[in-house]
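Start counting the sequence shown at 438; every next residue gets the next number (my numbering). No residue lacks a Cβ here, since even glycine has one placed at the ideal position from N, Cα and C. Reading through the structure tokens given below for one structure.
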Amino acid sequence: MNFRIPIFSLLMIGFSQSAFAQIKEEQLILDRKREPEIKKIEKKKTSVEAEKNYPPREKKIEDSLNLRYTVTDVPAASDFKTSTIQGEDISPKFEAENLNNYFQLGMGNFGRILADGNIGTKLENEIEVGADFHVLSTSGLKKEYPWNSKQNVGNVAAYLNANGEKGKFNVIADYGLNDYNLYGIYALQPDADTDLKQRTNRFKVNGYYDFYSNEILNDVRLKTSFLGDYFNAKESQAEIRVNLSKHGVELPVGNDVVLNADLGLNLETLNTDFAILQENSSKFLNATVAPQVTFFNGESYLMFGSDFSFLNAKNATATTDQVQENRTYWFPKAELQFAAADEFKFYAGVTGGLQLNSFANLLETNPYLLSDQQLRPTETKYKGYVGLRGDIDQQIKYDFRAGFGKINDMVFFRANDLFDTSVSGNRATYDYANSFSAVYDNGNVSEVKASVQYFPLANLTLDAEAQFTKYDLENYEHIYNVPLLKAGIGAKYSMLNKKLHLGANAVFSTDLTTNSFEIRESGSQPNVFISTENNDDKVGGYADLNLSAEYRVHKNFSIFALGNNLLNSNYQTFKGYKVLGAQILGGVKISF
């Protein structure tokens, strides 16, 4: 066997942070039917008549339905969840065996401890139940900061899947804990025992019912979320979505042209209350009606539709009365794909929509937010795009696209100044110029994306992705804490009859523009701090290199090793927030 190709590919260190799941014959294979995986696919067409006791027990549900799925442009989920202090991590789980039940335990430098597992079983009547958990802790950057920077992340979830006569049902209950510190202090030198604690608790329940046939009622989704934090912030969010459809309607213009008609109905509520500083409170109710019609002719299609949204917004603070606003929105939606061949599919379209910005979702992007935020929805008035994608001999899959859009109230993050200017050792956790607030501005966005997957061998996958994004804002000269260019390359390789699995990734990012503060004591006013703001500070770009390996010693026993940030770069995700240096973690995994 010629090992030059895989060895050379691994040296290239390919991975994309937003990599697509592996594709075989344009189908995405799901090992566990849970909501996180279901969100990674988009149902294109189903046409199955309902039968009594359908599907038959002796048939696999996937084979019976013959569903056609296509990968959508969303980041791939990983069972190995990252700690925000760690930068970029890679999953040690390689899907080598069809064993859903496993437990793995690992330890490494920086006091890293990993415990991760899943257990599931099938009951009678096509019912599957299971649970998984994840714990990851680190002692932090003790050599970089004299104060506490440790972090503990925990997650536990229980799920149920059921296949009925007319459809399949999925529900998952999930609890997540993130216990960490706002350690990114650069402008002051507090004592080593300074309290920088932050902690968030989030409980989610998601339900999903998908009908086998798309006769009128297609699917129903219900999502709920409840968040609390160390500073007594409270947030609740609920969303129900119903998709009505009539698919596979043959038109008289030709036997090869069929019509799909869809109508999406969505109702979403968001209630957020903060308990410190301005004590912002927000209440949103958003109702959306989204009709859509698609004409198919083989792999070519023409889709057009609209989104009609009604928003009721209420905002108040501790010192201002509640302000209520009712608004209606209309957004265009259309897409054309011309498939000259499997290798060349040209597409173009326009889309838009209204997105509620919750405290919970903002924390996923920036966990160092102040626990008092003004929340506004983001309105994408329109975003037009053109692109080319294809599949070359089932070995190369690519997607290149460019777009331009107009966005109102686009959200990004601005560093906070001191809230208390007195020179005092008794300072709040978030009052060291170490927290951020969401800010909003209107403007234009131009972007270019490219992603490629290459399968040179049956046991080797290479992928690469790059995204260039340029913002032109009305009020701010720069958008803060958003890179101009981010890219990644990656590789996965299995050998020794799939006993040994190797993985690699590298992620690259250009500089970030941010605001920052220089703080000094006043010469004229005793015991008072004076701060000077820099609105054009830079956070350096980075390259993050990761390697992983897993060797199956026995069918039920494996050992694994992870190397993260192997270039040993203490780059910063936000101003003051350095990530861990080179990390090595090893452990064992038991599958059953």
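Burial state of residue i (16 or more Cβ within 10 Å)
i       : result
Leu933  : exposed
Pro689  : exposed
Val990  : exposed
Glu987  : buried
Phe721  : buried
Gly567  : buried
Glu716  : exposed
Gln541  : buried
Leu807  : buried
Leu384  : Outside the displayed span of the chain (438 to 1029) sits residue 384, for which this structure offers no information.
Lys605  : buried
Gly940  : buried
Lys975  : exposed
Asn971  : exposed
Ile926  : buried
Ala629  : exposed
Glu762  : exposed
Val876  : buried
Ser662  : buried
Gly1013 : buried
Phe547  : buried
Val760  : exposed
Gln626  : exposed
Ser931  : buried
Spatial distance of residue i from residue j (CA atoms)
i       : j       : result
Gln810  : Phe711  : 8 Å
Lys1015 : Gln792  : 31 Å
His571  : Gly960  : 52 Å
Met544  : Ser995  : 15 Å
Gly824  : Phe837  : 5 Å
Ala924  : Asn863  : 43 Å
Leu502  : Tyr649  : Because the pLDDT of Leu502 is 31, which lies under 50, any placement of that residue in the model is unreliable, and the number read from its coordinates should be weighed accordingly. Cα-Cα distance, rounded: 7 Å.
Thr1010 : Ala797  : 19 Å
Ser953  : Ser795  : 25 Å
Asn607  : Glu581  : 45 Å
Asn896  : Lys1026 : 22 Å
Ile622  : Ser1028 : 43 Å
Asn723  : Phe747  : 6 Å
Thr898  : Tyr784  : 26 Å
Gly577  : Gly557  : 34 Å
Ile460  : Asn600  : Summary for Ile460: the model assigns pLDDT 26, below 50, so the residue's position carries little reliability, and this model does not support an answer.
Gly1018 : Lys936  : 30 Å
Ser673  : Phe640  : 10 Å
Thr725  : Ala750  : 15 Å
Glu958  : Phe905  : 41 Å
Asp1044 : Glu902  : Here the chain has residues from 438 to 1029 only, and residue 1044 is not among them.
Ser719  : Gln831  : 50 Å
Asn708  : Gln962  : 42 Å
Asn592  : Asn803  : 19 Å
Ile539  : Leu551  : Looking at the sequence itself, residue 539 is Tyr, so the reference to Ile does not match. Cα to Cα, the separation comes out at about 14 Å.
Enclosing beta strand (DSSP E) for residue i [first to last residue]
i       : result
Gln674  : Lys671 to Glu687
Arg957  : Leu949 to Glu958
Ser972  : The amino acid occupying residue 972 in the given sequence is Asn; Ser does not appear at that position. Segment Phe966 to Val976, the beta strand (DSSP E) holding Asn972.
Lys1031 : As displayed, the chain neither begins before 438 nor continues past 1029, which places residue 1031 out of reach and without an answer.
Glu914  : Looking at the DSSP string, Glu914 is not in any beta strand (DSSP E), and its letter there is neither H nor E.
Phe1047 : Beyond the ends of the chain as shown, which are 438 and 1029, falls residue 1047; an answer cannot be given.
Glu987  : Tyr979 to His991
Phe781  : Phe781 to Gln792
Asn697  : Val694 to Asp710
Arg864  : Segment: none, Arg864 is in no beta strand (DSSP E) and carries neither H nor E.
Ala1019 : Note, Ala1019: premise wrong, no beta strand (DSSP E); not H, not E.
Gln761  : Val760 to Ala778
Thr661  : Ile653 to Asp666
Ile713  : Here Ile713 belongs to no beta strand (DSSP E), and DSSP marks it neither H nor E.
Ser719  : Ser718 to Asn734
Runs of beta strand (DSSP E) lying entirely within the stretch 796 to 858, each at least 3 residues, in chain order:
815 to 829 and 833 to 852
Is the stretch 834 to 852 in contact with the stretch 977 to 984, if contact means three or more CB pairs nearer than 8 Å?
no
The stretch 693 to 712 in contact with the stretch 728 to 736 per 3-pair CB rule at 8 Å
yes
Kindly confirm or deny that the stretch 900 to 914 and the stretch 878 to 885 touch, where touching means at least three C-beta pairs closer than 8 Å.
Touching, yes, given that three or more Cβ pairs across the two stretches are closer than 8 Å.
Is the stretch 671 to 687 touching the stretch 775 to 784 in the sense that three or more CB pairs, one from each, lie closer than 8 Å?
They do not touch, by the three-pair rule.
Three or more beta-carbon pairs under 8 Å between the stretch 664 to 672 and the stretch 739 to 758, yes or no?
Contact fails: fewer than three Cβ-Cβ distances are below 8 Å.
Three Cβ pairs or more, each shorter than 8 Å: is that satisfied between the stretch 650 to 661 and the stretch 609 to 618?
no
Entirely within the stretch 560 to 630 and at least 3 residues each: give me those beta strand (DSSP E) ranges in chain order.
564 to 575, 588 to 600 and 604 to 618
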